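For reference, the structure is listed below as structure tokens.
There are 2 protein chains.
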Amino acid sequence: MSHSVEILSVGTELLLGNIANLDAQILSQGLSELGLNVFWHTVVGDNPQRAREAVAIAKKRADIIITTGGLGPTCDDLTKNVLAEAFGKKLVFDEDSAQRIKSYFTRTNRPMTENNLQQAMLPEGCTVLVNDWGTAPGCAFEAEGCHVIMLPGPPSECRPMFLYRAKPYLLGLSEGVIASHTIKLFGIGESTMEAQLREQMNHMQNPTLAPYAKEGECELRVTAKAPDDAAAQALLQPTVEQVKALFSDKVYGVDVPSLEYVVLEGLKAKGLTLGTAESCTGGLMAKRLTDIPGASQVFKGGIVSYTNEVKAQVLGVPQHLLDQFGAVSQEVAMAMAQGARKALNCDIALSSTGVAGPDKDEWDNEVGTMFVAIATPEGCHVRSLHLGNRPVRERLRIQTASHAFDLARRYLSGIEY
Amino acid sequence: MSHSVEILSVGTELLLGNIANLDAQILSQGLSELGLNVFWHTVVGDNPQRAREAVAIAKKRADIIITTGGLGPTCDDLTKNVLAEAFGKKLVFDEDSAQRIKSYFTRTNRPMTENNLQQAMLPEGCTVLVNDWGTAPGCAFEAEGCHVIMLPGPPSECRPMFLYRAKPYLLGLSEGVIASHTIKLFGIGESTMEAQLREQMNHMQNPTLAPYAKEGECELRVTAKAPDDAAAQALLQPTVEQVKALFSDKVYGVDVPSLEYVVLEGLKAKGLTLGTAESCTGGLMAKRLTDIPGASQVFKGGIVSYTNEVKAQVLGVPQHLLDQFGAVSQEVAMAMAQGARKALNCDIALSSTGVAGPDKDEWDNEVGTMFVAIATPEGCHVRSLHLGNRPVRERLRIQTASHAFDLARRYLSGIEY
């Protein structure tokens with residue numbers, strides 16, 4: 002049987018535009034991976050009457066209603082009250098949840114007010130979805146042919162509550178398992194990737210193949226449905242191998258979080274250290290590397306040389322290169338990487354220099370002209386980039402940093418640059 | 002008359018979770034500033050039947066319906082077809098729009114297919130909202146007591162189309178103007194701020210005061226409605242002054258984009274230069290400064306010293322301080338700032354060192370133990386932070402960088418640290 006899902010988010014802050022509805026996105030991704038059809042997103046504010054009307058509409062058209070938000074004491078537990086009423090259920094006090102709320106406040110050393118205990122009132126006969134990431138418990142019940150699941154609003158709670166509480170509950174509703182792998186690519190455009198896929202693997206049903214693109218990277222998610230995980234993996238594996246073969250060195254990993262993660266893991270595996278010298282990326286490379294816990298094992302540090310003076314004085318870039326070729330040049334990119342390798346005493350150094358905009362530089366280089374270089378014990382390599390198509394400063398900086406990471410990833414894997 | 006608005010977004014990519022509904026957020030912000038009440042967000046996919054049902058619901062409960070998405074040739078212009086049908090209007094060919102679509106393709110040097118011209122079919126008698134940011138024109142009409150506005154889906158088109166096309170149209174519906182100022186605060190919690198405001202300015206009607214909190218910062222938006230801008234400003238000014246006086250040195254600016262922006266402006270005004278030395282923030286300070294175009298006028302560069310070796314070798318932090326106090330200490334924070342000031346040859350240097358987690362450091366410092374320091378021609382100052390309440394790595398790093406910027410902002414404004 003095919004389910005139809007409505008995601009109903011409750012929160013005036015969404016209607017004021019203070020925040021985007023990230024909950025709906027998180028849930029939609031997760032539900033699609035489960036093979037469940039999300040047909041509607043609805044948002045209402047902390048208003049009982051409009052919430053009641055929205056629930057009445059959802060009840061008529063969907064057979065799974067997932068709510069986010071409106072579980073806290075400040076909104077009078079609007080969501081629970083309205084959903085319980087709509088399905089003719091009483092709210093009853095759940096002692097276990099009350100204990101968990103009390104201990105949450107003790108643990109985080111914050112004072113608890115009495116209305117926090119309101120959160121322990123839950124629809125009679127529901128499955129309690131224990132919230133280990135905040136105070137408001139979620140819950141799930143089935144009534145009148147409809148499955149209702151209520152999750153807290155803050156994305157930092159909604160995300161794990163979906164993953165660890167709602168998802169297992171929903172898996173019980175679908176037959177078999179859904180498994181997926183994500184193949185990550187760098188250095189290929191989305192349209193090129195899709196064009197190549199169209200020829201190779203048309204009419205796929207199980208597994209399915211879904212492309213995504215963001216910030217100059219592409220990914221392909223392969224998803225299969227089968228009676229058990231082993232059978233799903235058996236379905237997935239040939240497609241994963243086929244895609245890897247098709248895109249060969251453009252594939253930087255399967256089920257890995259990011260390019261910089263792959264670089265750090267490659268360094269750890271080889272016992273090598275890394276340093277950075279950044280001009281146009283202005284610290285973004287170091288920031289992305291140190292976003293990852295444990296980066297300090299292999300990342301020694303970086304130098305942001307935003308002026309020629311720092312390039313010369315701290316990185317030791319020869320003044321005659323700066324004078325002859327300008328800061329935005331292959332020669333300076335390489336000298337920066339070599340200088341960082343020496344100054345930071347690391348095995349590998351990455352560098353960036355370019356024009357992030359909004360204006361051309363004084364050497365008349367166009368916005369989007371970028372150079373990234375890598376210095377290793379075996380020598381130096383530089384890549385020239387022309388990212389001028391859609392020259393948005395933030396995007397240019399992200400892509401340039403990714404290109405530098407791609408050089409490191411290729412060096413560490415022994416692939417041609 | 003008080004309007005009630007529904008934002009209806011059309012797009013299967015939203016229901017799959019490929020993207021978040023940023024359009025709804027952008028529009029909600031803008032509509033709230035116009036004093037219009039957004040009561041509902043709805044999302045449906047590229048499915049005519051469900052779109053028709055959603056429009057029927059919206060027509061019953063809202064008197065302004067704003068749609069986003071579903072205007073392109075790939076979805077058969079779903080939105081226009083469904084809305085025109087719901088309000089009994091024909092679609093007619095608009096020659097001006099057709100010309101604009103043709104010249105858009107010529108200008109961007111891309112081939113046009115015949116179905117692109119479908120986008121020139123618009124509801125009879127509508128106001129065409131010219132799209133200078135893409136191909137699909139928007140439109141607006143009034144029928145059966147309801148205002149309908151259709152905007153394209155991509156946020157890069159939806160945002161300017163709202164601002165420059167829909168907003169003027171909507172302003173015609175409301176009497177007078179709405180003006181606002183945003184007061185930015187750092188170093189005060191949202192609940193403390195709200196508690197102080199409750200006493201001082203209860204029952205405000207015009208102007209209104211709305212608090213927002215994010216990433217350890219707070220802001221207060223003061224909004225007034227009046228017959229013209231001068232009258233609105235006259236209403237706003239006393240409240241802005243009152244709030245500034247109430248929170249005194251916690252206020253870092255009015256209508257400014259960020260703390261780092263204020264720091265860069267302060268440096269420019271005084272003709273001073275800045276450098277950074279980062280441990281726990283790992284490049285985030287430099288990244289945030291260089292996110293801002295023109296930072297290079299005053300920001301000379303930074304050193305990310307993620308290891309003690311780099312702290313000693315590049316920043317010149319005395320080894321005995323590292324041995325005696327550990328890298329996470331007041332002493333090392335100050336030595337880092339002083340070292341950066343010298344190495345980068347800048348007037349002011351900021352530093353950070355601390356434990357961003359997820360684990361304690363080898364000196365048994367708790368996650369969230371942070372030190373930020375500033376070195377200036379007049380001397381050095383350090384601030385100790387204990388951000389352990391909700392120790393999420395990303396949040397800790399953002400807040401620590403902000404605290405360093407706060408030191409610079411205070412130095413540049415001659416306020417006590």
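Chains as they are written, first to last, in our numbering: chain A, 2 to 418; chain B, 2 to 418. We put the beta carbon where it would ideally sit given N, CA and C, even for glycine. Note that the structure is predicted; figures quoted are calculated from it, not measured.
Take K343 (chain B) and list the residues in its own chain whose beta-carbon comes closer than 8 Å to its own, dropping the five residues that flank it on each side.
Working through the second sequence from its first residue, we reach residue 343 (chain B) at position 342. When the five nearest sequence neighbours on each side are left out, the beta carbons in the same chain lying within less than 8 Å of the beta carbon of K343 (chain B) are those of G317, in order along the chain.
C-beta neighbour in chain A for Y450 (chain B), strict 8 Å:
A question about residue 450 (chain B) goes unanswered here, because the residues of chain B that appear run from 2 up to 418.
Counted within 10 angstroms of its Cβ, other Cβ atoms place M205 (chain B) as buried (16 or more) or exposed:
Here residue 205 (chain B) is taken as the residue at index 204 of the second sequence, counted from 1. The residue in question, M205 (chain B), is exposed, as its Cβ has fewer than 16 Cβ neighbours within 10 Å.
Contact with chain B by Q100 (chain A), beta-carbon distance below 8 Å:
Working through the first sequence from its first residue, we reach residue 100 (chain A) at position 99. No, no contact with chain B.
Taking the beta strand (DSSP E) that P212 (chain A) belongs to, which residues open and close that run?
Walking along the first sequence from the start, residue 212 (chain A) turns up at place 211. It spans T209 to K215 - the beta strand (DSSP E) in which P212 (chain A) sits, taken as one unbroken run.
In whole angstroms, give me the CA-to-CA distance for I445 (chain A) and V241 (chain A).
Within the shown structure, residues of chain A are numbered from 2 to 418, placing residue 445 (chain A) beyond reach of any answer.
Leaving out five residues on either side along the sequence, give the residues of the same chain with a beta carbon under 8 Å from the beta carbon of V56 (chain B).
The residue given as residue 56 (chain B) occupies position 55 in the second sequence. Within the same chain, V56 (chain B) has close Cβ partners L9, I66, V83, L84 and A87.
Report buried or exposed for S403 (chain B), applying the criterion of at least 16 other Cβ atoms within 10 angstroms of its Cβ.
Counted from its first residue, the second sequence places residue 403 (chain B) at position 402. Under this definition S403 (chain B) is a buried residue.
Have a look at C281 (chain B) and R410 (chain A) and give me their C-alpha separation to the nearest angstrom.
Walking along the second sequence from the start, residue 281 (chain B) turns up at place 280. Walking along the first sequence from the start, residue 410 (chain A) turns up at place 409. Put simply, the backbone Cα of C281 (chain B) is about 24 Å away from that of R410 (chain A).
Between W134 (chain B) and chain A, is the shortest Cβ-Cβ distance under 8 Å, so that the two count as touching?
Here residue 134 (chain B) refers to the residue found at position 133 of the second sequence. Not one chain A Cβ lies under 8 Å of W134 (chain B).
Would a check of beta-carbon distances place V244 (chain A) closer than 8 Å to chain B?
On the first sequence, position 243 is the one that residue 244 (chain A) refers to. Against chain B, the CB of V244 (chain A) has no partner CB under 8 Å away; the residue lies outside that interface.
Looking only at C-alpha atoms, which of B:V356, B:L290, B:G272 and B:L275 sits nearest to T308 (chain B)?
If you number the second sequence from 1, residue 308 (chain B) lands on position 307. It is B:V356.
Could you tell me the alpha carbon to alpha carbon distance between L351 (chain A) and E261 (chain A), rounded to whole angstroms?
In the first sequence, the residue the question calls residue 351 (chain A) occupies position 350. In the first sequence, the residue the question calls residue 261 (chain A) occupies position 260. About 12 Å.
Backbone CA spacing between E332 (chain B) and Q30 (chain B) [nearest angstrom]
Counting from one through the second sequence, the residue named residue 332 (chain B) turns up at place 331. Counting from one through the second sequence, the residue named residue 30 (chain B) turns up at place 29. Just so you know, the alpha carbons of E332 (chain B) and Q30 (chain B) end up roughly 45 Å apart.
Mind reading off the beta-carbon distance from T296 (chain A) to L247 (chain A)? Whole number of angstroms is fine, and I expect it under 8 Å.
Working through the first sequence from its first residue, we reach residue 296 (chain A) at position 295. Working through the first sequence from its first residue, we reach residue 247 (chain A) at position 246. Note that residue 296 (chain A) corresponds to Ala in the displayed sequence, not to Thr. 32 Å between Cβ atoms; not a contact.
Can you have a look at F94 (chain B) and say buried or exposed, based on whether 16 or more other CB atoms are within 10 angstroms of its CB?
For the purposes of this step, residue 94 (chain B) is taken as the residue at position 93 of the second sequence. An exposed status is given to F94 (chain B), since fewer than 16 other beta-carbon atoms sit within 10 Å of its beta-carbon.
Just list the residues that DSSP pairs G126 (chain A) with in beta bridges.
Numbered from its first residue, the first sequence carries residue 126 (chain A) at position 125. G126 (chain A) pairs with nothing; no bridge assigned.
Rounding to the nearest angstrom, what Cα-Cα distance links L118 (chain A) and P153 (chain A) in this structure?
The residue labelled residue 118 (chain A) in the question sits at position 117 within the first sequence. The residue labelled residue 153 (chain A) in the question sits at position 152 within the first sequence. Distance between the alpha carbons of L118 (chain A) and P153 (chain A) is about 15 Å.
Mind pulling the chain B residues with CB within less than 8 Å of S3 (chain A)?
Against the first sequence, residue 3 (chain A) aligns to sequence position 2. Simply none; closest approach about 14 Å.
Closer than 8 Å, Cβ to any Cβ of chain B: which residues of the stretch 301–334 of chain A, in chain order?
Per Cβ criterion, the list reads K301, G302, G303, I304, V305, S306, Y307, T308, E310, V311, Q314 and V315.
Three-state class that DSSP yields for L434 (chain B) in the structure shown:
Since the first and last residues shown for chain B are 2 and 418, residue 434 (chain B) lies out of range.
According to the neighbour-count rule (16 or more other Cβ atoms, all chains shown, within 10 Å of its Cβ), is H387 (chain A) buried or exposed?
What you label residue 387 (chain A) is simply residue 386 of the first sequence in a count that begins at 1. For H387 (chain A), the number of other beta carbons within 10 angstroms of its own is below 16, and it is reported as exposed.
S3 (chain B) - DSSP class collapsed to helix/strand/coil:
Position 2 of the second sequence, counted from the first residue, corresponds to residue 3 (chain B). Here S3 (chain B) sits in coil by DSSP.
Identify, in the order they occur along the chain, each residue of the same chain with its Cβ nearer than 8 Å to the Cβ of I399 (chain A), setting aside the five sequence neighbours on each side.
The residue labelled residue 399 (chain A) in the question sits at position 398 within the first sequence. Within the same chain, I399 (chain A) has close Cβ partners E216, G217 and L285.
Could you name the residues of chain B that K60 (chain A) contacts, counting a contact when the two beta carbons are closer than 8 Å?
Mapped onto the first sequence, residue 60 (chain A) falls at position 59. The CB of K60 (chain A) never comes closer than 8 Å to any CB in chain B; the least such distance is about 14 Å.
Whole angstroms are fine: how far does the CA of D407 (chain B) sit from the CA of T377 (chain B)?
Here residue 377 (chain B) is taken as the residue at index 376 of the second sequence, counted from 1. Here residue 407 (chain B) is taken as the residue at index 406 of the second sequence, counted from 1. In this structure, the CA atom of T377 (chain B) is about 14 Å from the CA atom of D407 (chain B).
Member of A:V223, A:V315 and A:A52 whose CA lies at the smallest distance from the CA of K301 (chain B)
Within the second sequence, the letter at position 300 stands for residue 301 (chain B). A:V315 is the residue among A:V223, A:V315 and A:A52 whose C-alpha sits nearest the C-alpha of K301 (chain B).
Since G303 (chain A) sits in a beta bridge, which residues does DSSP pair it with?
Translated into the one-based positions of the first sequence, residue 303 (chain A) becomes position 302. According to DSSP, G303 (chain A) bridges with A:T277 and B:V305.
Tell me which residue opens and which closes the alpha helix (DSSP H) that I58 (chain B) is part of.
Locating residue 58 (chain B) in the second sequence gives position 57, counting from the first residue. Under the DSSP assignment, I58 (chain B) falls in the alpha helix (DSSP H) whose first and last residues are P49 to R62.
Nearest to G188 (chain B) by alpha carbon, out of B:M151, B:S249 and B:A167?
What you label residue 188 (chain B) is simply residue 187 of the second sequence in a count that begins at 1. Considering only alpha carbons, the answer is B:S249.
Could you have a look at L163 (chain B) and say whether DSSP puts it in helix, strand or coil?
Stepping through the second sequence from its first residue, residue 163 (chain B) is reached at position 162. In the sequence under discussion, the amino acid at residue 163 (chain B) is Phe, which differs from the Leu named in the question. Correct three-state label for F163 (chain B): helix.
Among residues of its own chain, excluding the 5 on either side of K91 (chain B), which ones have a beta-carbon nearer than 6 Å to its beta-carbon?
Looking up residue 91 (chain B) in the second sequence gives position 90. Excluding residues within five positions, the ones whose Cβ falls inside 6 Å are E125.
Report yes if the C-beta distance between T277 (chain B) and G254 (chain B) is below 8 Å; otherwise report no.
What you label residue 277 (chain B) is simply residue 276 of the second sequence in a count that begins at 1. What you label residue 254 (chain B) is simply residue 253 of the second sequence in a count that begins at 1. Using a Cβ distance threshold of 8 Å, T277 (chain B) and G254 (chain B) do not count as a contacting pair.
How would you list, in chain order, the residues of chain B whose beta-carbon sits under 7 Å from the beta-carbon of A21 (chain A)?
Indexing the first sequence from 1 puts residue 21 (chain A) at position 20. Correct list: A21, N22, L23 and Q26.
Work out the CA separation of S330 (chain A) and K312 (chain B) for me, nearest whole Å.
Walking along the second sequence from the start, residue 312 (chain B) turns up at place 311. Walking along the first sequence from the start, residue 330 (chain A) turns up at place 329. K312 (chain B) and S330 (chain A): Cα-Cα distance of roughly 29 Å.
Spatial neighbours of Q234 (chain B) within its chain, please: CB distance less than 7 Å, with the 5 preceding and 5 following residues excluded, ordered by chain position.
Walking along the second sequence from the start, residue 234 (chain B) turns up at place 233. Cβ neighbours of Q234 (chain B) beyond the five flanking positions: A180.
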